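Numbering-wise (the numbering used here), the sequence shown opens with residue 46 and increments by one.
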Amino acid sequence: MVKAIVGANWGDEGKGKITDMLAQDSDIIIRFQGGANAGHTIINNYGKFALHTLPSGIFYDHTTSIVGNGVALNIPVFFDELNEVISKGVPKPKILISDRAQIVMPYHILFDQYEEERLGGKSFGSTKSGIAPFYSDKYAKIGFQVSELFEDEAELREKIERVLVQKNVLLEHLYHKPLIDADELYNTLMEYKGMVAPYVCNVSLYLDQAMKEGKNILLEGQLGTLKDPDHGIYPMVTSSSTLAAYGAIGAGIPPYEIKKVVTVCKAYSSAVGAGAFVSEIFGDEAEELRVRGGDGGEFGATTGRPRRMGWFDCVASKYGCRLQGTTDVAFTVVDVLGYLDEIPVCTGYEIDGKVTTEFPVTTQLEKAKPVLTVLPGWKCDIRGIRKYEDLPENCRNYIEFIEKEIGYPITMISNGPGRDDIIYRGFEK
Ligand code: GDP
């Protein structure tokens, strides 16, 4: 069976923890989009890890971890991460890399930096990992697939030269930066070839066989619905689709094979980068939630930058779950809210004097003001609880209130960062 694990919001919902947890009963874990621009933090018996490109299933010896064709593959970053994980005592994971995955080129990273510099105050708040230039080139049909590293030398050199004509014009005239040398780039690609060679695979064929054998497969998403280029808060979005539907494309499987969509929602909101964030809070209130949040504060796993904080947003989450095609909600980081006397929840948006519970397009979103409903807190530590009935009544009320507002079943409640900090509430493995 294929399950997708995706985010309902702006990312950082705790997908890594849920993937690591569900990987226990899975055979294959695939990353299907995004790149090294965002991170998943995972805490397990080997320690604490911030993964960027490695799938979150690498901590078991029974799993195969796959980089799907939809991923932006930064080869040196990928292998640095792999070596770091191994150096911390994790057994060498079984890894496959799609022959159709495209490569983040050194110039993608440069262009990302140069463009943010050029835009100054109007920048997108990019992590400067080269993701936007990478996907632009992919769809402009000048990207490099992993398989091309193994083809004819003359053809590869010819393509490099062709692409560099365009890149060097921009470097010289738009950014006023040093030009790229074709031979140097070819040599870099040959280094990349040596690194990926043992792992390259026809992934869609491999998965076809695995599905015929009844294997359990997880598709691991990065970021969340609101960062999707089509359905998110465009243009403050990422450059590849964050939706479960794209899992079929970014892994190379039929869409109807995805039987479960586990959408991860955090019990409060956080966001990185610019863009409308209706339930955002500020000042001391935000700082306290930021410091207490996650497993050691809400700070970016890739950049370390402080995340913007807010109350749970039912409007955004209902929409986020709908676009994902949610079958199950995993409701995470509930333990963090135990310090609050009262917990505001955003239940509507007021736009031009009218209240709506439907998430609007970006131009309307910028005008939206939050309508808050305040629920009583539970004022205690809920970590360690394993049965739903054992949660304090106000905590259950908070969960059930949100479940009703978003309209999708919360079948898992995460009350701590560890693998076993989970309360099942009707989730069928
Ligand atoms: P992802 O990108 O969706 O995987 O999310 P991140 O890893 O960026 O952020 C989630 C953070 O919350 C991580 O630091 C996790 O260790 C932590 N986390 C996940 N679930 C829980 C939970 O239930 N309770 C607490 N306290 N922390 C959690």
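In this text, a Cβ means the ideal position worked out from N, Cα and C, and glycines have one as well.
A quick note: this is a predicted structure, and the numbers were derived from the prediction, not measured.
| query | result |
| --- | --- |
| Buried or exposed: where does residue 195 fall if 16 or more other Cβ atoms within 10 Å of its Cβ makes it buried? | exposed |
| Is the beta carbon of residue 263 closer than 7 Å to that of residue 283? | no |
| At a cut-off of 6 Å, is residue 380 close to ligand 1 when judged by its beta-carbon and the heavy atoms of the ligand? | yes |
| Could you pull out every residue in the same chain whose Cβ sits closer than 6 Å to the Cβ of residue 57, ignoring the five residues on either side in sequence? | 315 |
| Considering residue 240, what are the terminal residues of the alpha helix (DSSP H) in which it resides? | 227-241 |
| Spatial neighbours of residue 176 within its chain, please: CB distance less than 6 Å, with the 5 preceding and 5 following residues excluded, ordered by chain position. | 80, 82, 117 and 284 |
| Any chance the CB of residue 437 is under 6 Å from a heavy atom of ligand 1? | no |
| Does the distance from the CB of residue 224 to the CB of residue 216 come in under 7 Å? | yes |
| Is the distance from the Cβ of residue 472 to the Cβ of residue 457 below 7 Å? | yes |
| Find the nearest neighbour of residue 146 within the set 228, 91, 247 and 356, judged by alpha-carbon distance. | 247 |
| Taking only runs that begin and end inside the stretch 415-439, name each unbroken alpha helix (DSSP H) of 4 or more residues, in chain order. | none |
| Indicate the three-state DSSP secondary structure (helix, strand or coil) for residue 158 in the structure shown. | helix |
| Note the first and the last residue of the continuous alpha helix (DSSP H) segment covering residue 502. | Outside the modelled stretch of the chain, which goes from 46 to 474, sits residue 502, for which no answer is possible. |
| Have a look at residue 296 and residue 371 and give me their C-alpha separation to the nearest angstrom. | 19 Å |
| By alpha-carbon positions, which one of 378, 377 and 308 ends up nearest to residue 363? | 308 |
| Any idea which residues DSSP pairs residue 394 with across the strands? | 401 and 415 |
| So the alpha helix (DSSP H) residue 330 belongs to, where does it begin and stop? | 328-337 |
| Using the C-alpha atoms, what's the distance from residue 130 back to residue 103? | 9 Å |
| What does DSSP give as the partner residue(s) for residue 85 in the beta ladder? | 96 |
| Verify whether the separation of the beta carbon atoms of residue 336 and residue 342 is less than 7 Å. | yes |
| Does the stretch 239-254 come close enough to the stretch 318-332 that 3 or more CB-CB pairs lie under 8 Å? | no |
| Identify whether residue 147 lies in helix, strand or coil by the three-state DSSP scheme. | strand |
| Less than 8 Å between the CB atoms is what I'm expecting for residue 324 and residue 358, so what's the real figure, rounded? | 4 Å |
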